[in-house]
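Trainee: One line per chain: the protein sequences are A and B, in this order. Position 60 of the first sequence, counted from 1, bears residue number 60 in the working numbering, the numbering being contiguous throughout. Throughout, the working numbering is defined as the position within the second sequence, counted from one, plus 1000. From the three backbone atoms N, C-alpha and C, an ideal C-beta is built for every residue, glycine too.
There are 2 protein chains.
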Amino acid sequence: MTDQPIPSISRAGRHGPTIRDVARLAGVSLGTASKALNGEGRLRQETREKVMQVAREIGYRPNDLAQSLHRTRSRTVGVISSDAFGRFTLPIFQALEEVFADEGVAVFMCNATDDPERERQHVDQLLGKRIDGLVVTARRADRRPPVGPLPAGLPVIYVYSEPEDGSALSLLADEEAGAALAVDHLVAVGCRRMAHVTGPERFEAVQQRRNGFHAALARHGLKAEPSHCVTGNWSEEWGRQAVAQLFGSGAVAPPDGVFCGNDQIARGVIEAVRERGLSVPQDVAVVGFDNWQVMTEAARPPITSIDMNLADLGREAGRALIAMIGGEAISGLKRLPCTLVQRQSTAR
Amino acid sequence: MTDQPIPSISRAGRHGPTIRDVARLAGVSLGTASKALNGEGRLRQETREKVMQVAREIGYRPNDLAQSLHRTRSRTVGVISSDAFGRFTLPIFQALEEVFADEGVAVFMCNATDDPERERQHVDQLLGKRIDGLVVTARRADRRPPVGPLPAGLPVIYVYSEPEDGSALSLLADEEAGAALAVDHLVAVGCRRMAHVTGPERFEAVQQRRNGFHAALARHGLKAEPSHCVTGNWSEEWGRQAVAQLFGSGAVAPPDGVFCGNDQIARGVIEAVRERGLSVPQDVAVVGFDNWQVMTEAARPPITSIDMNLADLGREAGRALIAMIGGEAISGLKRLPCTLVQRQSTAR
DNA sequence: TTGAAAGCGCTAACAA
DNA sequence: TTGTTAGCGCTTTCAA
């Protein structure tokens, strides 16, 4: 499969026609062709058009790589994920990509799958390609060793991810405040005996959401039974099991409001509660976390949930990186607000 | 935020130290430095080490953009999705990225969100950056207008997507054969009255899976009641509704095996069947499609499902593109096999 | 074994 | 208004 010879071009470059070819065929000098194609300098309209015309005819397309040698910027950024492209990184990527595309910046996507060696390899490659900036993201918002070593002055931003040493700008969802939203809402619909069913202890998200839960309760002058705060894994099955624990013992009054660590747990809780002959939301109101539509909307009833607005996170990150590339110095940690999306599981 | 001055370098290039800096500091010529750094030519071991040493000290990193001007290849490919990064494209991306990373090829990821204008813009940018090849993918495996116009000779491959004009290599899952697997399995576990509950007619996947369903039944000397083949949307809710239709009328004997167009429908079917007091799999065996774990494993019982092996698709695509970049001429349409993953919904 | 010089495709300063 | 020339950072002849 060899390149088709381009008609009327004697010697096309490695990658198709060059600006030299355009100049020669238009009967002008290299410099003139350049000015004409970039709309710069003072040129006769006639010449300008002639050059453009020829360029169009032979399908000339400027070599961005060569241009980059002159520019200070390559109009290219890297996105590196310390983990597989997952459900959480997805909306972030999408927003990031859109912001960069709007600015004419191309995005290298790299997946390091928690492998430091692979990550180094990717970073090396990206630096070789002279990216203008780097976005680091992850499946979990947990702290991670900083990416590097990186040349001083390279704009870097962590999204839904945080460097252990606080060395760079980090954008996170305010999960603690998100949990508080859930509690406020449960209180508002009349719940008083709150439970919290969540995922594995080792996740920072678990700790933050729980902290938000307790803090908000305290603000309302409430307190959860210790036996009503249970950790397990992130599955529906765990949600079902938790209901057996919460409603089974009879030692203390069962909860009338359950805040769940994610939507899968919430769905399990809802199903199990219903199967006990209780009504959601009448007897027990339930709030989830993540606002994952396939879960929240398929459940019966659909689940009220906290949305981390990950797309906003991605958008903000993209804009911030562009600003940094433009010369602004931004750093520190920023938490963006979550929002509550109300559905029938708390409609009472 | 300015670059840190690199110690002992008088005039570092726009993007950090250049090979010239290395040469000067090592007290050798440009050509020598190049040979030393690339491990080529005949050089004294001493010189070689000296150069490497200096390069390391000043943090020299070859500019891949400049190198690309000499090479025929940029070691870069583009992946363009005609739709948002979704559940189906994800495993494909991941596998693609891994294959390319192994080959030292960086991946530009572009999202065109079904917007032809945006797509053109992306393609333009990618061609400007002199990608060595292009992967086109989509959320739906449906036929689509070919990407373009592209320079003749640029390797292109469509994954989980197919150009209307059959102009380029296209890799798809053999969904028809996948559906047949489901039927074979249902027959094997003793089902005789088969139903098919699937998604919207306009999806090619719906048509293919249905064709496979009927063809396989015929092979077994069976035939489905027309009223047992129903289309709706892709949701759990539709699965539940469908059960009311299939089991409600009493005009014909209800099915003892249901093949569903996706796992969400299957989950809805399973729940509704159970709520009718029937047992899955004893009274009704159910098979889903997609093998989406959050669905298949959360259902009670877990769902036997057809896996399109999208990661394989991505891997194959990556390898094929690399082969094409290497000069091989590959084209046509290739369908990769699906596999059946057995779980309790058919365990009898 | 090393150095000098040309050139990849392009831009930009300076002459003409 | 246009042409010439010198780079951007690198590789690759060809001389020395």
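Assuming contact is defined by CB atoms lying nearer than 9 Å, are GLY153 of chain A and ARG1061 of chain B in contact in what I supplied?
Mentor: For the purposes of this step, residue 153 of chain A is taken as the residue at position 153 of the first sequence. For the purposes of this step, residue 1061 of chain B is taken as the residue at position 61 of the second sequence. No, they are not a contact pair.
Trainee: Determine, using beta carbons only, whether GLY1221 of chain B comes closer than 9 Å to chain A.
Mentor: Taking the first residue of the second sequence as position 1, residue 1221 of chain B is located at position 221. Chain A contact via Cβ: absent.
Trainee: When DSSP labels each residue in this structure, what does ILE19 of chain A get in the three-state scheme?
Mentor: Taking the first sequence and counting its residues from 1, the one referred to as residue 19 of chain A is at position 19. Three-state DSSP puts ILE19 of chain A in a helix.
Trainee: Is there a Cβ from chain B that is less than 9 Å from the Cβ of THR304 of chain A?
Mentor: As a position in the first sequence, residue 304 of chain A is number 304, starting the count at 1. Closer than 9 Å: no.
Trainee: Name the chain A residues that come within less than 8 Å of PRO1062 of chain B, Cβ to Cβ?
Mentor: Translated into positions along the second sequence, residue 1062 of chain B becomes position 62. Ordered by position in chain A, the residues that pass the 8 Å Cβ test against PRO1062 of chain B are GLY128.
Trainee: Find out if the Cβ-Cβ distance for the pair SER77 of chain A, VAL123 of chain A is shorter than 9 Å.
Mentor: Taking the first sequence and counting its residues from 1, one reaches residue 77 of chain A at position 77. Taking the first sequence and counting its residues from 1, one reaches residue 123 of chain A at position 123. First, the amino acid is wrong: residue 77 of chain A is Val here, not Ser. Their beta carbons are not under 9 Å apart, which means VAL77 of chain A does not touch VAL123 of chain A by this criterion.
Trainee: Under 8 Å by Cβ, that's how I've got LEU1065 of chain B and LEU65 of chain A pegged, so tell me the actual separation to the nearest angstrom.
Mentor: Counted from its first residue, the second sequence places residue 1065 of chain B at position 65. Counted from its first residue, the first sequence places residue 65 of chain A at position 65. Between LEU65 of chain A and LEU1065 of chain B the Cβ distance is about 5 Å, and since that is below 8 Å, they are a contact.
Trainee: Look up MET1194 of chain B in the DSSP assignment and give the residues it is bridged to.
Mentor: Residue mapping note: residue 1194 of chain B aligns to position 194 of the second sequence, counting from 1. B:GLY1257, per the DSSP bridge assignment.
Trainee: Look up LYS1334 of chain B in the DSSP assignment and give the residues it is bridged to.
Mentor: Residue mapping note: residue 1334 of chain B aligns to position 334 of the second sequence, counting from 1. Partner(s): B:LEU1171.
Trainee: For a contact defined as C-beta to C-beta under 7 Å, what are the partners of LEU1069 of chain B on chain A?
Mentor: Here residue 1069 of chain B refers to the residue found at position 69 when the second sequence is read from its first residue. Near LEU1069 of chain B (Cβ distances below 7 Å), the residues of chain A are LEU65 and ALA66.
Trainee: Can you give me, in chain order, the residues of the stretch 242-253 of chain A that have a beta carbon less than 7 Å from any beta carbon in chain B?
Mentor: Here the close residues number zero.
Trainee: Pick out whichever of A:ARG73, A:GLN293 and A:PRO151 has its Cα sitting closest to the Cα of PRO1017 of chain B.
Mentor: Within the second sequence, residue 1017 of chain B is the residue found at index 17, counting from 1. Answer by Cα proximity: A:PRO151.
Trainee: Please state whether DSSP places LEU1246 of chain B in a helix, a strand or coil.
Mentor: Locating residue 1246 of chain B in the second sequence gives position 246, where the first residue counts as 1. Reduced to three states, the DSSP call for LEU1246 of chain B is helix.
Trainee: Span of the beta strand (DSSP E) holding ILE322 of chain A?
Mentor: By one-based count along the first sequence, residue 322 of chain A stands at place 322. Careful: ILE322 of chain A lies outside any beta strand (DSSP E), inside the alpha helix (DSSP H) at 310-325.
Trainee: Rounded to whole angstroms, what is the Cα-Cα separation between GLU1204 of chain B and ALA1141 of chain B?
Mentor: The residue labelled residue 1204 of chain B in the question sits at position 204 within the second sequence. The residue labelled residue 1141 of chain B in the question sits at position 141 within the second sequence. Approximately 7 Å between the Cα atoms of the pair.
Trainee: With a 10 Å radius around its C-beta and 16 neighbouring C-beta atoms as the bar for buried, classify PRO7 of chain A as buried or exposed.
Mentor: Numbered from its first residue, the first sequence carries residue 7 of chain A at position 7. Its pLDDT being 37, under 50, PRO7 of chain A is placed unreliably in this model, and the value from its coordinates should be taken loosely. Label assigned to PRO7 of chain A: exposed.
Trainee: Along the chain, where does the beta strand (DSSP E) that runs through GLY1288 of chain B open and close?
Mentor: For the purposes of this step, residue 1288 of chain B is taken as the residue at position 288 of the second sequence. Unbroken beta strand (DSSP E) run through GLY1288 of chain B: 1285-1289.
Trainee: Give every residue of the same chain whose Cβ lies closer than 6 Å to the Cβ of PRO163 of chain A, excluding the five residues on either side of it in the sequence, and list them in chain order.
Mentor: For the purposes of this step, residue 163 of chain A is taken as the residue at position 163 of the first sequence. Closer than 6 Å at Cβ, skipping near neighbours: PRO146.
Trainee: So, is ALA1218 of chain B buried or exposed, given that buried needs 16 or more other C-beta atoms within 10 angstroms?
Mentor: For the purposes of this step, residue 1218 of chain B is identified with residue 218 of the second sequence, where counting begins at 1. ALA1218 of chain B should be labelled exposed.
Trainee: Bridge partners for MET1052 of chain B per DSSP, in chain order?
Mentor: The residue you call residue 1052 of chain B lines up with position 52 of the second sequence. Per DSSP, none; premise fails for MET1052 of chain B.
Trainee: Is any beta-carbon of chain A found at less than 9 Å from that of CYS1110 of chain B?
Mentor: Within the second sequence, the letter at position 110 stands for residue 1110 of chain B. CYS1110 of chain B counts as touching chain A.
Trainee: Apart from the five residues just before and just after PHE100 of chain A, which ones in its own chain have a Cβ nearer than 7 Å to its Cβ?
Mentor: Here residue 100 of chain A is taken as the residue at index 100 of the first sequence, counted from 1. Correct list, in chain order: VAL77, VAL107 and GLY318.
Trainee: If you draw a straight line from the C-alpha of LEU1134 of chain B to the C-alpha of ALA1299 of chain B, how long is it?
Mentor: By 1-based counting over the second sequence, the position of residue 1134 of chain B is 134. By 1-based counting over the second sequence, the position of residue 1299 of chain B is 299. Rounded to whole angstroms, LEU1134 of chain B to ALA1299 of chain B spans 39 Å at the Cα level.
Trainee: Can you give me the Cβ contacts of VAL54 of chain A inside the same chain, cut-off strictly under 8 Å, excluding the 5 residues immediately before and after it?
Mentor: As a first step, residue 54 of chain A is located in the first sequence; it is residue number 54 there, counting from the start. So the list reads VAL22, LEU25, ALA26 and TYR60, once near-sequence residues are dropped.
Trainee: Can you check whether the CB of HIS220 of chain A is closer than 9 Å to the CB of HIS196 of chain A?
Mentor: Translated into positions along the first sequence, residue 196 of chain A becomes position 196. Translated into positions along the first sequence, residue 220 of chain A becomes position 220. No, these two residues do not count as a Cβ contact at 9 Å.
Trainee: Quick check on THR47 of chain A - is its C-beta less than 9 Å from some C-beta in chain B?
Mentor: In the first sequence, residue 47 of chain A corresponds to position 47, counting from 1. No, because no Cβ of chain B sits closer than 9 Å to the Cβ of THR47 of chain A.
Trainee: Give the range of the beta strand (DSSP E) segment to which LEU340 of chain A is assigned.
Mentor: Taking the first residue of the first sequence as position 1, residue 340 of chain A is located at position 340. Segment 339-341, the beta strand (DSSP E) holding LEU340 of chain A.
Trainee: Checking 9 Å against the spacing of the C-beta atoms, do ILE265 of chain A and TRP292 of chain A come in under that value?
Mentor: Residue 265 of chain A sits at position 265 when you count from the first residue of the first sequence. Residue 292 of chain A sits at position 292 when you count from the first residue of the first sequence. Against a cut-off of 9 Å, the Cβ pair of TRP292 of chain A and ILE265 of chain A comes out as no contact.
Trainee: Using three-state DSSP, classify ALA1347 of chain B as helix, strand or coil.
Mentor: For the purposes of this step, residue 1347 of chain B is taken as residue 347 along the second sequence, with counting starting at 1. Residue state, collapsed to three classes: coil.
Trainee: State the DSSP-derived secondary structure class of GLY1212 of chain B, mapped to helix, strand or coil.
Mentor: Against the second sequence, residue 1212 of chain B aligns to sequence position 212. Reduced to three states, the DSSP call for GLY1212 of chain B is helix.
Trainee: Report back the beta-carbon spacing between ILE303 of chain A and THR296 of chain A to the nearest angstrom; my notes put them in contact at under 8 Å.
Mentor: What you label residue 303 of chain A is simply residue 303 of the first sequence in a count that begins at 1. What you label residue 296 of chain A is simply residue 296 of the first sequence in a count that begins at 1. So it is a contact: roughly 4 Å between Cβ atoms.
Trainee: In three-state DSSP terms, what is GLU57 of chain A?
Mentor: Here residue 57 of chain A corresponds to residue number 57 of the first sequence, with the count starting at 1. Of the three classes helix, strand and coil, the one that applies to GLU57 of chain A here is helix, per DSSP.
Trainee: Please report whether the beta-carbon of MET52 of chain A lies at a distance below 9 Å from any beta-carbon of chain B.
Mentor: The sequence position of residue 52 of chain A within the first sequence is 52, counting from 1. No, because no Cβ of chain B sits closer than 9 Å to the Cβ of MET52 of chain A.
Trainee: Which one of A:GLU316, A:LEU181, A:LEU90 and A:GLY327 has the shortest CA to CA distance from GLN342 of chain A?
Mentor: Indexing the first sequence from 1 puts residue 342 of chain A at position 342. Measuring from the Cα of GLN342 of chain A, the nearest candidate turns out to be A:LEU181.
Trainee: Using only alpha-carbon positions, find the residue among A:ALA242, A:LYS223, A:GLY104 and A:SER81 that is nearest to GLY232 of chain A.
Mentor: Taking the first residue of the first sequence as 1, we reach residue 232 of chain A at position 232. Selected option, being the one with the closest Cα: A:ALA242.
Trainee: In chain B, which residues lie with their C-beta within 7 Å of the C-beta of PHE85 of chain A?
Mentor: If you number the first sequence from 1, residue 85 of chain A lands on position 85. The answer, in chain order, is LEU1090, PHE1093 and GLN1094.
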